[in-house]
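Let me begin by presenting the structure, written as structure tokens, before commenting on it.
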Amino acid sequence: MPSSPSPGRPRRLSRAHLRQDFAASLVVFLVALPLCVGVAVASGVPAELGLVTGIVGGLVTGVMRGSSLQVSGPAAGLTVLVLESVRAFGLAGLGVIVLAAGLVQTALGLLRWGRWFRAISLSVVEGMLAGIGLVIVAGQLYAAAGVTAPDGGPARLAALPAALAGALADPRAVASVAVAAGTVLVIVGWPRLPGRVGALPGALVAVLLAGLVTALAGLPVATVRVDGVLAAVRPPDSAAFLLLAEPAVLGAVLAFALIASAESLFSAAAVDRLHDGPRTEYDRELVAQGVGNTLCGLLGALPLTAVIVRSSANVRAGARTRASRVLHGVWLLVFAVLLPGALAHVPLPALAGILVHAGWKLIPFRGIVALWRGHRGEAAVLAATAAAIVAVGMLEGVLVGLGLAVAKAAWEASHLRVDHTDEPPPDGASPSDDDRPPHGVLPPHGESPAHGEPCPSPHDAPSPYGLPRPPAVGVLRVRLSGGATFLGLPKLLDALEALPRDRPVEVDLSGLHHLDHACRAAMTAWAERHTAAGPHPVRLPPFPDPHAAPAAAPAGP
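Numbered per the working numbering, the sequence shown finishes at 1367, counting up by one with no gaps.
If you want it as structure tokens, here you go:
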């Protein structure tokens, strides 16, 4: 039985692997073709540019090392950001932004920062995807009805019911909505068909059926405009690079680099869980994504990221090596060169239906429910990120989510718990220092109790010095655990100042993993006030030295 390859070491390309990769590449090509075209149209660029990005993702990024089975291409997750950039800076500006973002990704990968992208809060990433999904669904519903969408996420959501209701009065709009709705139904229902028929990509089948029905029925539905791949490719000129001096463009570059890198590396982690082959080398994968985006920027095409839909289709189809994703780029190139005119028969509402389904899938409904049940703070970060993206924009929403995630982490790191236990006085306790006689007072001669009478308790009997004996009291032990920082200082002082002043208090600091200067000073001042106000001192242990080296382990026997 052949041994499985060790993680991180690529498989050798055998004849059996080549057959599996060849079959898998055809499946990935059929899945990628409608998505590449749909993402391009939704992004406001010529449809051919989506094919160019898919070709680069296969032939360039696919050849490079990183993740062996992950497929790259234009992604629905960047649709909103691309659309905003094209509207603000034009196609030439988009090329410069994508090129600069690719260089940033390449530099980060060479600096071995790829693994740090895995430290981004999962709630922020899922909130980003949820916000993008909502914006895509809202925008593509307007496209399905043939209506121009208003600017701004809140305006789109607010005006959507009226726009759809008004579309029902227009026969052209009704036909367009029907084609989009039928596309979504085919995508959802096709995989449930039995046998090999259900194994065909639902999106491709839906587009083919939509085109066939539109042509046979003569529906008044708009189709994709085709100008040819060479005509669509327009590298940015030298004047476009002057846009890099604008702060808004630099912000877009950082947004592209951050979002594309995070989406690619999170996708790589998900793909690694689907197969037992070599694991992803995150720094190399980031370099591969950066080189691909640099080339896409030079060609004036869409940005690329690793996409989970095509990657999971690649794994399920039995791909074994990088050859499958490279071949999928070859098939896209052959289609773009030999059959570009076929795109002219694709109805635009069908592409809108594909994007509506893709945007809906971006919203992690199950993840939101699970977070709400177990981690409501994370659910709040997710919801706030999504709401900020819809209300303000992509970059601002991601920054809001990152800020909330950092604030939440800081608050949880400073979470302080104060527990106290009330220990009863021990039986037969000896008189305390308060029972001792004043200087010069002699104990009187007392008489022993008569025979048979019970001996009074030492706590109930009068003091042998003739003074009233105070009742014996137990120690109140206070244990602090967690992180004691200035954020938890109000809670700490409230708990300490509420302790009774007529009891001895012992403070236990062994449960603290952090104690900052503000809490040290506050606890010292409280101990002095508590001791001065009551008959018993506060036993406060020495504070740990934050600069002290850890104690050496005891030597063995």
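Glycine is no exception: its CB is placed at the ideal position from the N, C-alpha and C atoms.
The C-alpha of P964 lies about 6 Å from the C-alpha of A1201.
DSSP places A1025 in the helix class (H, G or I) of the three-state scheme. The residue from R1339, P1300 and P1354 with its alpha-carbon nearest to that of H1323 is P1354.
Ranking H1185, R1002, E1095 and P1113 by CA distance to the CA of N1103 puts P1113 first. Shown here, E1233 sits in coil according to DSSP, grouped into three states, outside any helix or strand. Our two residues, T1195 and P1057, have alpha carbons roughly 23 Å apart in a direct line.
Proximity of the region 863-879 to the region 1092-1100 meets the contact definition, three or more beta-carbon pairs being nearer than 8 Å.
Between W1221 and A953, the alpha-carbon positions lie close to 44 Å from each other.
The beta carbons of A917 and P1159 sit no closer together than 7 Å. About 32 Å separates the beta carbons of H1155 and A1070, which is beyond the 8 Å limit, so they are not a contact pair. The beta carbon of P856 lies closer than 7 Å to those of A850, D1037 and A1042 in the same chain, with the five residues before and after it left out.
In the three-state reduction of the DSSP assignment, S1077 falls in the helix class.
If only uninterrupted alpha helix (DSSP H) runs of at least 4 residues are considered, those enclosed by the region 1100-1161 are 1118-1126 and 1133-1148. Put simply, of K1218, L1309, P981 and S1074 the residue whose alpha carbon is nearest the alpha carbon of D1232 is L1309. Its Cα nearest to that of L1181, the residue L1192 stands out among L828, T863, L1192 and R1126. If you compare the alpha carbons of F1145, V998, A1219 and R1287 with that of A842, the shortest gap goes to F1145. If you draw a straight line from the Cα of C1329 to the Cα of A1217, it is about 20 Å long. Residue environment for F839: buried (at least 16 other C-beta atoms within 10 angstroms of its C-beta).
The three-state secondary structure of L913, taken from DSSP, is helix. For D1047, the CB contacts under 8 Å within the same chain, skipping 5 residues up- and downstream, are A902 in chain order. Taking the Cβ atoms as the reference, A1127 lies roughly 20 Å from A885, outside the contact range of under 8 Å. Around the beta-carbon of A1152, fewer than 16 other beta-carbon atoms lie within 10 Å, marking it exposed. The DSSP assignment places complete alpha helix (DSSP H) segments of no fewer than 4 residues inside the region 895-962 at 932-954, in order along the chain.
In this structure, the CA atom of A1020 is about 14 Å from the CA atom of W1000.
Cβ-Cβ distances below 7 Å link P1045 to G905, L1108, L1109 and G1110 in the same chain, with the five nearest sequence neighbours on each side left out; the list follows chain order. A straight line joining the alpha-carbon of L967 with that of S986 spans about 20 Å. The Cβ atoms of I1199 and G1187 do not sit closer than 7 Å to each other. Residues L1053 of the same chain have their beta carbon placed closer than 6 Å to that of V1059, with the five preceding and five following residues left out of the count. Taking the C-beta atoms as reference points, R1289 is found nearer than 7 Å to D1318. Inter-residue distance for D1229 and G1321 is about 11 Å (C-alpha atoms, whole angstroms). Scanning A1332, L1068 and L1212 for the CA closest to the CA of P1300 turns up A1332.
Across the structure, V914 and G1100 are spaced so that their CA atoms are roughly 7 Å apart.
By the CB criterion at 7 Å, G867 and G887 fall outside the cutoff. Beta-carbon to beta-carbon, G1211 and G937 are separated by about 5 Å, close enough to satisfy the 8 Å threshold. In the DSSP annotation of this structure, the continuous segment of the alpha helix (DSSP H) that includes D1304 starts and ends at L1299 to E1307. Beta-bridge pairing by DSSP links E1316 to R1287 and R1349.
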